[in-house]
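K.L.:
So the protein lines, in turn, are chains A and H.
Its first residue numbered 12, the first sequence is counted upward by one per residue in our numbering.
Its first residue numbered 7, the second sequence is counted upward by one per residue in our numbering.
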Amino acid sequence: MSVVFEKTKGLTDKEFHYCPGCTHGIIHRLVGEVLEEMDLLDDAIGVAPVGCAVLAYDYFNCDMHEAAHGRAPAVATGVKRVLPEKTVFAYQGDGDLASIGTAEIVHAAHRGEMITVIFVNNAIYGMTGGQMAPTTMIGQKTTTSPFGRNAEQTGSPIRIAEMLATIDGAGFIERVSVHNPVHIRKTKKAIRTAFECQQNRKGFSMVEVLSTCPTNWGMSPIASLGWLAENMIPYYPLGNFRNPDKEA
Amino acid sequence: MAKARGNVFFDSDRCKGCELCTTVCPVDILAMNRQAINRKGYHPAHVTDPEKCIACGNCALVCPDLVISVERVA
Numbered sequence: 012m013s014v015v016f017e018k019t020k021g022l023t024d025k026e027f028h029y030c031p032g033c034t035h036g037i038i039h040r041l042v043g044e045v046l047e048e049m050d051l052l053d054d055a056i057g058v059a060p061v062g063c064a065v066l067a068y069d070y071f072n073c074d075m076h077e078a079a080h081g082r083a084p085a086v087a088t089g090v091k092r093v094l095p096e097k098t099v100f101a102y103q104g105d106g107d108l109a110s111i112g113t114a115e116i117v118h119a120a121h122r123g124e125m126i127t128v129i130f131v132n133n134a135i136y137g138m139t140g141g142q143m144a145p146t147t148m149i150g151q152k153t154t155t156s157p158f159g160r161n162a163e164q165t166g167s168p169i170r171i172a173e174m175l176a177t178i179d180g181a182g183f184i185e186r187v188s189v190h191n192p193v194h195i196r197k198t199k200k201a202i203r204t205a206f207e208c209q210q211n212r213k214g215f216s217m218v219e220v221l222s223t224c225p226t227n228w229g230m231s232p233i234a235s236l237g238w239l240a241e242n243m244i245p246y247y248p249l250g251n252f253r254n255p256d257k258e259a
Numbered sequence: 007m008a009k010a011r012g013n014v015f016f017d018s019d020r021c022k023g024c025e026l027c028t029t030v031c032p033v034d035i036l037a038m039n040r041q042a043i044n045r046k047g048y049h050p051a052h053v054t055d056p057e058k059c060i061a062c063g064n065c066a067l068v069c070p071d072l073v074i075s076v077e078r079v080a
């Protein structure tokens, strides 16, 4: 008899506050599993964002720090520079990272900070009630774009992974998704590689995870996974955009 | 090679009834238990035919709320 799957020690026993079917739970678990497998639970320091994941410090079983809205990479920079032997990660959503925190993420990458960022992109502001985010798809209805997002008025959705991949300070940049078991496994692998990039001091690392928001998208959790695959992946292509080992 | 056999366990009070696990089971033995209501007020997921489980772990992999654990018995 062998255990195929049990709850990781990388997470506390506290139950998630997320809505039913929200993929934040999957991504939390993958980060926790990677921290446990790399034996980093005593050495990792996470930085929680503002947004739905604001309570992430209750869930990860390692030291955690809260940051002001969008400023997680700045706080992580400070923690890492003071404690360079620790593994430091920021966990951010798209309203946090791609909107109010764009300056912080771009410059953290630009400076080549040895931190890892988990970027959860669900194309909407979840916590505040489903407003349009910079990552919202063209035509997508939100509470602040009730007739669908219009490119003439608000521009096109921002592709963060591609943008950061042009920066020399970035070591590892990859976009993944959690819409089915195959991609969930790939996501875990990418998160692990990002942490290894940090440990090997190969530069800034970020994993962009395409995620769902069933509540604010107005769909069932199952339909949301389908909507992600059909609408988000064609615009936000999955894959690696920067890898320190391939360039060497 | 003998067919793999497994057991699935549910921490039912954590379940939020999102039904994602029911979509990824290759032997289609997961369903929502309409006869039960958990502490949160949802119909929790359960196994309809435990003998058929092949211990693939897909259900636990896709569960956002850490409800499911899986063991392999053969």
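Glycine is no exception: its CB is placed at the ideal position from the N, C-alpha and C atoms.
1) Spell out whether any CB of chain H is found under 7 Å from the CB atom of Met-37 of chain A.
2) If you reduce the DSSP assignment to three classes, tell me which class Gln-209 of chain A lands in.
3) Give me the chain A residues within the contact set of Arg-20 of chain H, using Cβ-Cβ distance strictly less than 8 Å, ordered along the chain.
4) For a test of the three-state rule: what should DSSP assign to Thr-198 of chain A, helix, strand or coil?
5) Once DSSP output is grouped into helix, strand and coil, what is the label at Gly-36 of chain A?
6) For Val-45 of chain A, which residues of its own chain have a beta-carbon under 7 Å away from its beta-carbon, when the five flanking residues on both sides are left out?
7) Ignoring anything shorter than 3 residues, give me the beta strand (DSSP E) runs that lie fully in the segment 94-142 of chain A, in order along the chain.
8) How about Ile-56 of chain A and Val-90 of chain A: do their beta carbons lie closer than 7 Å?
9) Would you identify the three-state DSSP class for Ser-222 of chain A, choosing helix, strand or coil?
10) In chain order, what residues of the same chain lie with their CB nearer than 6 Å to the CB of Ala-80 of chain H, ignoring the 5 residues before and after it?
11) Can you tell me whether Thr-23 of chain A is buried or exposed? The criterion is at least 16 other CB atoms within 10 Å of its CB, across all chains shown.
12) Would you kindly work out how many angstroms separate the C-alpha atoms of Gln-151 of chain A and Val-193 of chain A, rounded to a whole number?
13) Taking a cut of 8 Å between CB atoms, which residues from the segment 36-57 of chain H lie near chain C?
14) Could you pull out every residue in the same chain whose Cβ sits closer than 8 Å to the Cβ of Leu-221 of chain A, ignoring the five residues on either side in sequence?
P.N.:
In brief:
1) Here the sequence assigns Ile to residue 37 of chain A, which means Met is not the residue at that position. It does; some Cβ of chain H falls within 7 Å.
2) helix
3) Glu-26
4) helix
5) helix
6) Lys-199, Ile-202, Arg-203 and Phe-206
7) 98-104 and 127-132
8) yes
9) coil
10) Arg-11
11) exposed
12) 27 Å
13) Among the protein chains in the structure shown, which are A and H, there is no chain C.
14) Asn-132, Asn-133, Arg-186, Val-187, Ser-188, Val-189, His-190, Leu-239, Met-243, Ile-244, Tyr-247 and Leu-249
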